[in-house]
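Residue numbers (this note's numbering): 1270 to 1353.
Ideal Cβ positions, reconstructed from N, Cα and C, are used throughout, including at glycine.
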Amino acid sequence: MKKDIHPSNYREVAFKDMSNEEVFITRSTVASRETIEIDGKTYPLVKLEITSSSHPFFTGKQKLVDTAGRVDKFRSRYGNRTKK
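The following block contains the structure:
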């Protein structure tokens, strides 16, 4: 690898989902004033409002909107206007 191309503050950081209290650790350069201790090691802490563990799309709790009525309404209103 080339020298001096990576940021100097690239380190392990703990990200905490505030909606379900889940914490995951990954490498990042994000700045943080708070810290958290996990398994005896201290990490910078970044608090997040929503992650893949709490997002409705990824958890399967997303409500689907019924668009079939909209399509039928559009077709009945405008019909097939390509015919001449």
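With distances taken between CB atoms, is the gap from residue 1343 to residue 1317 smaller than 8 Å? No. Outside cutoff.
Do residue 1320 and residue 1286 have their beta-carbon atoms positioned less than 8 Å apart in this structure? Contact flag set, yes.
Which residue wins for smallest C-alpha separation from residue 1294, given the options 1341, 1272, 1281? When only C-alpha atoms are compared, the closest one is 1281.
Might you give, ordered along the chain, the residues of its own chain that have their beta carbon closer than 6 Å to the beta carbon of residue 1298, omitting 5 neighbours on each side? Here the set comprises 1276, 1278, 1279.
Report the three-state DSSP secondary structure of residue 1297 (helix, strand or coil). DSSP places residue 1297 in strand when its eight states are reduced to three.
Since residue 1280 is in the beta strand (DSSP E), which residue starts that stretch and which ends it? Counting along the chain, residue 1280 sits inside the beta strand (DSSP E) bounded by residues 1280 to 1286.
Whose CA, out of 1303, 1314, 1309, lies closest to the CA of residue 1291? When each option's Cα is compared against that of residue 1291, the closest is 1314.
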